[in-house]
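Asker: Using our numbering, you'd call the opening residue of the sequence shown number 14 and step up by one each time. Every residue, glycine too, gets a C-beta built ideally from N, C-alpha and C.
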Amino acid sequence: MTDVSSQGSAPGDDREILTNRQGHPVYDNQNQRTVGKRGPATLENYHFLEKMSHFDRERIPERVVHARGVTAYGFFEAYGTWGDEPIDRYTRAKLFQERGKRTDIALRFSTVIGGRDSSECARDPRGFAIKFYTEDGNWDLVGNNLAVFFIRDAIKFPDVIHSLKPDPVTFHQEPNRIFDFMSQSPESLHMLVNLFSPRGIPSDYRHQQGFGVNTYKWVDQAGDTVLVKYTWMPKQGVRSMTEDDAANVQAHETGHATKDLHEAIDRGDYPEWELLVQMMSDEEHPELDFDPLDDTKTWPEQDFPPKPVGRIVLDRNVSNNFAENEQISFGTGVLVDGLDFSDDKMLVGRTFSYSDTQRYRVGPNYLQLPVNQAKHSPVRTNQRDGLMTYYQDTAGESPHVNYEPSITGGLREGQYPTNDEQGPEIRGRLTRSRIPLTNDYKQAGQRFRLMEQWERDDLVKNFTNMLLQCDRPIQERMVWHFLLVEDELGLRVGEGLGIAPGDVSHLEPLQSQDPTDEDRERMGRLG
Ligand code: HEM
14 MTDVSSQGSA
24 PGDDREILTN
34 RQGHPVYDNQ
44 NQRTVGKRGP
54 ATLENYHFLE
64 KMSHFDRERI
74 PERVVHARGV
84 TAYGFFEAYG
94 TWGDEPIDRY
104 TRAKLFQERG
114 KRTDIALRFS
124 TVIGGRDSSE
134 CARDPRGFAI
144 KFYTEDGNWD
154 LVGNNLAVFF
164 IRDAIKFPDV
174 IHSLKPDPVT
184 FHQEPNRIFD
194 FMSQSPESLH
204 MLVNLFSPRG
214 IPSDYRHQQG
224 FGVNTYKWVD
234 QAGDTVLVKY
244 TWMPKQGVRS
254 MTEDDAANVQ
264 AHETGHATKD
274 LHEAIDRGDY
284 PEWELLVQMM
294 SDEEHPELDF
304 DPLDDTKTWP
314 EQDFPPKPVG
324 RIVLDRNVSN
334 NFAENEQISF
344 GTGVLVDGLD
354 FSDDKMLVGR
364 TFSYSDTQRY
374 RVGPNYLQLP
384 VNQAKHSPVR
394 TNQRDGLMTY
404 YQDTAGESPH
414 VNYEPSITGG
424 LREGQYPTND
434 EQGPEIRGRL
444 TRSRIPLTND
454 YKQAGQRFRL
464 MEQWERDDLV
474 KNFTNMLLQC
484 DRPIQERMVW
494 HFLLVEDELG
504 LRVGEGLGIA
514 PGDVSHLEPL
524 QSQDPTDEDR
534 ERMGRLG
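#1: Count the other CB atoms, across all protein chains shown, that sit within 10 Å of the CB of residue 345; report buried if there are 16 or more and exposed otherwise.
#2: What are the boundary residues of the beta strand (DSSP E) that includes residue 361?
#3: Considering just the uninterrupted stretch of the alpha helix (DSSP H) at residue 478, what are its terminal residues?
#4: Tell me which residue opens and which closes the alpha helix (DSSP H) that residue 331 is part of.
#5: Compare the C-alpha of residue 234 against each of 499, 102, 386 and name the closest.
#6: Measuring straight from C-alpha to C-alpha, what distance separates residue 238 and residue 158?
#7: Mind checking which residues open and close the alpha helix (DSSP H) that includes residue 118?
#8: So does residue 367 have its beta carbon nearer than 7 angstroms to some heavy atom of the ligand HEM?
#9: Taking the Cβ atom as the reference point for each residue, do residue 514 and residue 539 lie within a distance shorter than 8 angstroms?
#10: Relative to the ligand HEM, is the shortest distance from any of its heavy atoms to the C-beta of residue 157 smaller than 7 angstroms?
#11: Is it a yes or a no for the region 179-196 touching the region 285-297, going by three-plus beta-carbon pairs under 8 angstroms?
#12: Find the nearest neighbour of residue 43 within the set 35, 25, 31, judged by alpha-carbon distance.
#13: Quick check: the Cα distance between residue 269 and residue 437, rounded to an integer number of angstroms?
#14: Between the C-alpha atoms of residue 113 and residue 259, what's the straight-line distance to the nearest angstrom?
#15: State the Cα-Cα distance for the pair residue 461 and residue 193, rounded to the nearest angstrom.
#16: Would you call the CB atoms of residue 287 and residue 246 closer than 8 angstroms?
#17: What residue from 52, 39, 87 has the CA that sits closest to residue 64's CA?
#18: Check for me: the alpha helix (DSSP H) holding residue 65 runs from which residue to which?
#19: Can you list, in chain order, the residues of its chain with a C-beta nearer than 8 angstroms to that of residue 178? Leave out the 5 residues immediately preceding and following it.
#20: Helix, strand or coil for residue 16, going by three-state DSSP, please let me know.
#21: Enumerate in chain order the residues of its own chain whose CB-to-CB distance from residue 380 is below 6 angstroms, with the five nearest sequence positions on each side excluded.
#22: Between the C-alpha atoms of residue 368 and residue 224, what's the straight-line distance to the nearest angstrom?
#23: Would residue 417 and residue 395 qualify as a contact pair, given that the criterion is a beta-carbon distance under 8 angstroms?
#24: Using the Cα positions of residue 73 and residue 528, report the straight-line distance between them to the nearest angstrom.
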């Protein structure tokens with residue numbers, strides 16, 4: 014092997030010598046190899062070709078959503094209880110059991126719609142995605158800061174995202190396209206009332222909440238299940254920006270939230286969130302006026318009190334943004350024993366989508382990258398090869414046997430946990446239908462009434478400014494929806510647009526709607 018450390022260095026310069034990826038020392042990194050001083054260049058310029066062709070491939074596709082984000086590391090610390098009760102009464106997931114037990118985590122915050130270098134001041138949901146590196150393998154909890162979502166069926170996801178992304182012709186984000194879609198998708202009202210309030214622009218990532226949004230299950234030792242929802246509360250408090258605040262920040266800095274998080278961790282001011290869990294029995298709930306598997310709904314806190322189960326602290330920044338933030342890959346299918354899916358129709362669609370996009374975006378061996386590995390549990394598979402294979406997963410004693418079953422060696426199946434899940438039995442006809450109870454307006458109205466006056470004013474202003482840029486039929490339909498959410502909201506936005514209730518009273522419910530009796534009663538009063 015060539016000793017590169019002694020070559021090419023100027024006297025007194027003891028820095029290490031640059032090499033190419035083949036380990037060859039680079040003697041000249043300033044000039045290509047040419048015939049004569051003024052060229053032409055030669056083709057056997059190995060160092061030049063390697064350097065340039067690697068540079069040409071430096072980018073991978075950015076995430077199709079949530080492209081801009083920042084990752085940091087830390088730990089989850091369990092309280093061992095759900096409120097005052099021992100947690101093993103509800104889940105056997107190991108990371109929750111003992112008080113004080115710590116599990117390594119990586120957390121990625123993000124905005125949704127903009128590209129990789131877009132502004133962090135955008136009015137946009139914020140992502141809150143955590144990877145827990147547990148002894149039973151990884152658990153990903155992929156949530157947002159607004160508690161609910163625009164749609165309740167995964168089949169609508171490409172459409173809602175297309176409407177929010179730039180116009181395919183002008184490449185400009187268009188209010189008309191956004192509200193065209195939303196006005197025809199009344200399940201989005203609850204999310205819109207959150208997004209266009211000041212909560213739609215968190216002041217930075219340290220001062221935002223996180224929510225699992227979808228409904229999951231916990232499984233106990235006996236295999237019995239409960240439905241659960243997750244909430245993250247920042248110890249730093251919740252802070253937001255108005256549109257004007259955001260414009261001021263954006264005038265100086267488009268990456269303020271990433272910078273804020275990085276600098277806080279660097280100076281030892283470690284941000285912290287408490288994890289709270291709401292619980293509901295795993296059965297149908299005809300007594301509720303919403304469907305607990307509908308991700309456009311929250312569970313009322315007075316009926317389903319959120320109880321603390323642990324906390325997270327972020328205490329380390331990534332050492333390389335590309336390797337650890339760009340390539341980190343989360344998915345809703347990544348659960349450990351003691352946690353399970355519910356039948357939430359969004360959740361099942363999400364669970365397909367994440368690993369599908371990651372096999373394309375990062376590559377089929379994305380789980381071999383250090384940031385994605387299940388680093389605290391053994392990984393032994395018979396999956397082999399493929400683009401960018403870095404190593405072979407452990408194959409046990411017999412590297413020749415990369416299949417199962419076998420009587421000559423190789424890996425064997427594990428044993429089911431003592432009790433497999435004992436959730437309710439499910440029956441039904443194959444169908445393509447909405448959930449029976451959609452109740453699209455009630456919680457949006459409750460959310461509006463909970464707002465302070467300045468928040469309502471801000472919400473009305475933001476809706477009005479956006480809708481002023483929309484076609485009249487879209488404006489009318491949105492005012493009609495707002496009147497069904499809450500009189501004040503509909504009347505004030507309508508006033509800003511020059512639309513009175515009488516102008517929209519002729520509108521019929523959309524085909525995609527099942528109005529409640531309360532909605533019909535309000536419709537009747539519109540004239
Ligand atoms: C990222 C799909 C709903 C939160 C992504 C990505 C896809 C996706 C394809 C990019 C992943 C990657 O490239 O690594 C979907 C689909 C949904 C859906 C199909 C509905 C059917 C939601 C909902 C939430 C959410 C309801 C919030 C609870 C996130 C977050 C990320 C993300 C936080 C960024 C993860 C990261 O930081 O890498 N989603 N999503 N998504 N999604 Fe969703």
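Answerer: Walking through what the data contain:
#1: Position 332 of the sequence shown, counted from the start, is the residue given in the question as residue 345. Classification of residue 345: buried, given that the 10 Å Cβ count is 16 or more.
#2: Residue 361 sits at position 348 when you count from the first residue of the sequence shown. Counting along the chain, residue 361 falls outside any beta strand (DSSP E), though it belongs to the alpha helix (DSSP H) covering 358-374.
#3: Counting from 1 along the sequence shown, the entry for residue 478 is found at position 465. Annotation for residue 478: the continuous alpha helix (DSSP H) segment containing it runs 466-480.
#4: Reading the sequence shown from its first residue, position 318 is the one you call residue 331. No alpha helix (DSSP H) holds residue 331; DSSP gives it neither H nor E.
#5: Reading the sequence shown from its first residue, position 221 is the one you call residue 234. Restricting attention to 499, 102, 386, the CA atom closest to the CA of residue 234 is found in 102.
#6: By 1-based counting over the sequence shown, the position of residue 238 is 225. By 1-based counting over the sequence shown, the position of residue 158 is 145. So the two alpha carbons sit approximately 26 angstroms from each other.
#7: Translated into the one-based positions of the sequence shown, residue 118 becomes position 105. Segment 115-124 is the beta strand (DSSP E) holding residue 118; no alpha helix (DSSP H) there.
#8: As a position in the sequence shown, residue 367 is number 354, starting the count at 1. Yes, Cβ of residue 367 sits closer than 7 angstroms to a heavy atom of the ligand HEM.
#9: The sequence position of residue 514 within the sequence shown is 501, counting from 1. The sequence position of residue 539 within the sequence shown is 526, counting from 1. Cβ atoms of residue 514 and residue 539: closer than 8 angstroms.
#10: Start at 1 with the first residue of the sequence shown, and residue 157 comes out as number 144. Yes, the ligand HEM has a heavy atom inside 7 angstroms of this Cβ.
#11: no
#12: Walking along the sequence shown from the start, residue 43 turns up at place 30. Looking at the Cα atoms, 31 is the closest of the given residues.
#13: As a working note, residue 269 is residue 256 in the sequence shown. As a working note, residue 437 is residue 424 in the sequence shown. Approximately 47 angstroms between the Cα atoms of the pair.
#14: Along the sequence shown, read from residue 1 onward, the residue named residue 113 stands at position 100. Along the sequence shown, read from residue 1 onward, the residue named residue 259 stands at position 246. For residue 113 and residue 259, the distance between alpha carbons rounds to 39 angstroms.
#15: Within the sequence shown, the letter at position 448 stands for residue 461. Within the sequence shown, the letter at position 180 stands for residue 193. Taking the straight line from one Cα to the other gives about 22 angstroms.
#16: The residue given as residue 287 occupies position 274 in the sequence shown. The residue given as residue 246 occupies position 233 in the sequence shown. Yes, these two residues count as a Cβ contact at 8 angstroms.
#17: For this step, residue 64 is matched to residue 51 along the sequence shown. Nearest option by C-alpha distance: 39.
#18: Here the question's residue 65 lines up with position 52 in the sequence shown. Start and end: 59-69.
#19: Your numbering for residue 178 matches position 165 in the sequence shown. Excluding positions up to five away in sequence, the list reads 126, 186.
#20: Residue numbering aside, residue 16 sits at position 3 when the sequence shown is read from its first letter. Because residue 16 carries a pLDDT of 44, less than 50, the predicted location of this residue cannot be relied on, and no value is offered for it.
#21: Within the sequence shown, the letter at position 367 stands for residue 380. No residues qualify anywhere along the chain.
#22: Position 355 of the sequence shown, counting from 1, holds the residue named residue 368. Position 211 of the sequence shown, counting from 1, holds the residue named residue 224. Their Cα atoms are separated by approximately 21 angstroms.
#23: For the purposes of this step, residue 417 is identified with residue 404 of the sequence shown, where counting begins at 1. For the purposes of this step, residue 395 is identified with residue 382 of the sequence shown, where counting begins at 1. With respect to residue 395, residue 417 sits close: the two C-beta atoms are nearer than 8 angstroms.
#24: Indexing the sequence shown from 1 puts residue 73 at position 60. Indexing the sequence shown from 1 puts residue 528 at position 515. In a straight line, the C-alpha of residue 73 is about 45 angstroms away from that of residue 528.
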